[in-house]
Amino acid sequence: MITPRLHSADVPSSPLIAPSLLSADFARLAEEAQRVADADWLHFDVMDAHFVPNLTFGLPVMQAVRAASPVPLDCHLMIEDPARWAPGYAEAGARNVTVHAEACADPRAVARDLRAAGALAGLAVKPGTPLEGYLDVLPEFDTLLIMTVEPGFGGQEFIAETLPKVRRARELVDTGHLTLFVEVDGGINADTIEQAAAAGADVFVAGSAVYGADDPARAIAALRAQAAAARQG
Ligand code: DX5
Ligand code: ZN
1 MITPRLHSAD
11 VPSSPLIAPS
21 LLSADFARLA
31 EEAQRVADAD
41 WLHFDVMDAH
51 FVPNLTFGLP
61 VMQAVRAASP
71 VPLDCHLMIE
81 DPARWAPGYA
91 EAGARNVTVH
101 AEACADPRAV
111 ARDLRAAGAL
121 AGLAVKPGTP
131 LEGYLDVLPE
141 FDTLLIMTVE
151 PGFGGQEFIA
161 ETLPKVRRAR
171 ELVDTGHLTL
181 FVEVDGGINA
191 DTIEQAAAAG
201 ADVFVAGSAV
211 YGADDPARAI
221 AALRAQAAAA
231 RQG
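Count the sequence shown with the numbering used here and you get residues 1 to 233, in order.
Okay, structure coming up:
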C-alpha cells in the first residue's frame, strides 16, 4: 500500500470548508451529513470528557456517518491517549485524523501509524500552545489544526490572538519548510473567516455558522467565496 502523504501539488488552490457535525442534530446525523454534501471535508469532533469537559461520539458513530456520506471525514480527536485510539479512525476510512499535541507523548509515532493506516495525519494545538515545541515533528504531519477557541464546545467566540500562529505556519509552508494544510477551528463565521484566510489558513472548520444557517449549502459557498477573496487580497 502507498502511504498517503500530502505533496505541495495536492494542496488545492481553493479554500476547504469543513462543517462540524458538533452543531448538527445528533438524532438525524445521516440527514445532517447529506445537507452538507458540497462540503470539502466533514469535521467530526470526538471528545472524551477527559481531555475536554464534554463528551460526543466515537468510532462506531464515525463508521455510520462514513457509510451515510461520501464527503471525506476530518476526525478531530480531543481525547487522552490518542496513540491508542487514533489509528482506528484511519483504518475506518477517515481522510484526515488529527490528534492534540498536548495529549501526545510521541506525536511522530502517531503520525506514522495514521499514515500507515491510510489517512492524512493531523496535529492540533490549543490556543495557548506555541508552535515552537513542535517544529521538529511537524514535517511528519499533513495537517496542522490551529484551535481558534478553547476546544470543547461549539458556538464560542473566535480568539484573534491565535492568528500569529496561523501566519507563522503559512510562512513555514510557503518557504518550503513544511508541506501541510493549515486548518483553523472555532468561531469561524462570516465575520471572522476573512482574517483567518488572510493569515494563511487553507481549511476552515465551521459548526454553528453552517448548521445554524437556514441553508447550509449556501452558507458553505458563501464562506468559501469569502475565504478565497481574502486569501488573494
Ligand atoms: C470545538 C470543536 C469545533 C466546533 C466549532 O472544540 O473542535 O470543531 O465544532 O464550532 P463553531 O464553528 O461553532 O465554533
Ligand atoms: Zn473540531
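Built from N, CA and C at the ideal position, the CB exists for glycine as well.
Owing to the predicted nature of the structure, the values given are computational and were not obtained by experimental measurement.
Open item on the list: For a test of your reading of the model: does the CB of H100 fall under 6 Å from any non-hydrogen atom of the ligand ZN? Yes or no.
Closed with: To locate residue 100, count along the sequence shown from 1; it is residue 100. Not so, every heavy atom of the ligand ZN lies at least 6 Å from the Cβ.
Task: Residues proximal to the ligand ZN by C-beta, any heavy atom closer than 6 Å - done: The filter returns S20, H43, D45, H76, D185, V205, in chain order.
TODO: Give a yes or no on whether the C-beta atoms belonging to A33 and S69 are separated by under 7 Å.
DONE: Position 33 of the sequence shown, counted from the start, is the residue given in the question as residue 33. Position 69 of the sequence shown, counted from the start, is the residue given in the question as residue 69. Yes, they are a contact pair.
TODO: With a 10 Å radius around its C-beta and 16 neighbouring C-beta atoms as the bar for buried, classify H7 as buried or exposed.
DONE: Along the sequence shown, one-based indexing puts residue 7 at 7. Exposed.
TODO: Between the Cα of V65 and those of T148, A30, R218, A222, spot the shortest distance and give me the residue it belongs to.
DONE: Here residue 65 corresponds to residue number 65 of the sequence shown, with the count starting at 1. Checked all of T148, A30, R218, A222; the closest Cα to V65 is A30.
- [ ] Could I get the ranges of all uninterrupted beta strand (DSSP E) runs contained in the stretch 33-92, with 3 residues as the minimum, in chain order?
- [x] DSSP runs (the beta strand (DSSP E)) wholly in the stretch 33-92: 42-47, 73-78.
Open item on the list: Can you list, in chain order, the residues of its chain with a C-beta nearer than 7 Å to that of Q63? Leave out the 5 residues immediately preceding and following it.
Closed with: Residue numbering aside, residue 63 sits at position 63 when the sequence shown is read from its first letter. Result list for Q63: A92, in chain order.
- [ ] Pick helix, strand or coil for A198, following the three-state DSSP scheme.
- [x] Here residue 198 refers to the residue found at position 198 when the sequence shown is read from its first residue. The three-state reading of DSSP puts A198 in helix, counting H, G and I together.
TODO: Could you spell out the range, first to last residue, of the alpha helix (DSSP H) harbouring D113?
DONE: As a position in the sequence shown, residue 113 is number 113, starting the count at 1. Counting along the chain, the alpha helix (DSSP H) containing D113 begins and ends at 107-116.
Open item on the list: Quick check on D185: does DSSP put it in helix, strand or coil?
Closed with: Numbered from its first residue, the sequence shown carries residue 185 at position 185. Correct three-state label for D185: strand.
Task: Any 3 or more C-beta pairs closer than 8 Å across the stretch 164-183 and the stretch 207-214 - done: Contact between the stretch 164-183 and the stretch 207-214 is absent, because fewer than three Cβ pairs lie under 8 Å.
Open item on the list: Once the 5 residues before and after G187 are set aside, which same chain residues still bring their CB inside 8 Å of it?
Closed with: In the sequence shown, counting from the first residue as 1, residue 187 sits at position 187. Beyond the five residues adjoining it in sequence on each side, G187 comes within less than 8 Å, by CB distance, of T148, V149, Q156, E157, F158, I159 in the same chain, given in chain order.
Open item on the list: Looking only at its chain, what residues have a beta carbon closer than 6 Å to the beta carbon of L55, apart from the 5 residues adjacent to it on each side?
Closed with: Indexing the sequence shown from 1 puts residue 55 at position 55. So the qualifying residues of the chain are M47, A49.
Task: For S20, three-class secondary structure by DSSP - done: Counted from its first residue, the sequence shown places residue 20 at position 20. Strand.
Task: Simplified DSSP state of V137, which is helix, strand or coil - done: Within the sequence shown, residue 137 is the residue found at index 137, counting from 1. In the structure shown, V137 sits in coil (DSSP, three-state: anything other than H, G, I, E or B).
Task: Residues sharing a beta bridge with A237, DSSP - done: This structure does not reach residue 237, given that the chain is present from 1 up to 233, and the question cannot be answered.
Open item on the list: Can you tell me whether S13 sits near the ligand DX5, meaning its C-beta is under 6 Å from at least one heavy atom of the ligand?
Closed with: One-based indexing of the sequence shown puts residue 13 at position 13. No, since every heavy atom of the ligand DX5 falls outside the 6 Å radius drawn around the Cβ of S13.
TODO: Out of D106, E80, H76, point me to the one whose CA is closest to L236's CA.
DONE: Past the edges of the chain, shown from 1 to 233, lies residue 236, and the structure says nothing about it.
TODO: Indicate, with yes or no, if the ligand DX5 has a heavy atom lying under 6 Å from the CB of P216.
DONE: Taking the first residue of the sequence shown as 1, we reach residue 216 at position 216. Result no, Cβ not under 6 Å from the ligand DX5.
Task: Length of the line joining the Cα atoms of D81 and N96 - done: In the sequence shown, residue 81 corresponds to position 81, counting from 1. In the sequence shown, residue 96 corresponds to position 96, counting from 1. About 18 Å.
TODO: Please classify E183: is it buried, with 16 or more other beta-carbons within 10 angstroms of its beta-carbon, or exposed?
DONE: Along the sequence shown, one-based indexing puts residue 183 at 183. Classification for E183: buried.
TODO: Kindly examine the ligand DX5 and report whether one of its heavy atoms sits closer than 6 Å to the Cβ of P151.
DONE: In the sequence shown, the residue the question calls residue 151 occupies position 151. It does: the Cβ of P151 is within 6 Å (strictly closer) of some heavy atom of the ligand DX5.
Open item on the list: Taking DSSP's pairing of strands, which residues face I146 in a bridge?
Closed with: If you number the sequence shown from 1, residue 146 lands on position 146. BP columns for I146 point to V125, V184.
TODO: State the Cα-Cα distance for the pair A24 and L59, rounded to the nearest angstrom.
DONE: As a position in the sequence shown, residue 24 is number 24, starting the count at 1. As a position in the sequence shown, residue 59 is number 59, starting the count at 1. Computed Cα separation, rounded: 17 Å.
TODO: For L22, verify whether its CB is less than 6 Å away from any heavy atom of the ligand DX5.
DONE: Start at 1 with the first residue of the sequence shown, and residue 22 comes out as number 22. True, at least one ligand heavy atom lies under 6 Å from that Cβ.
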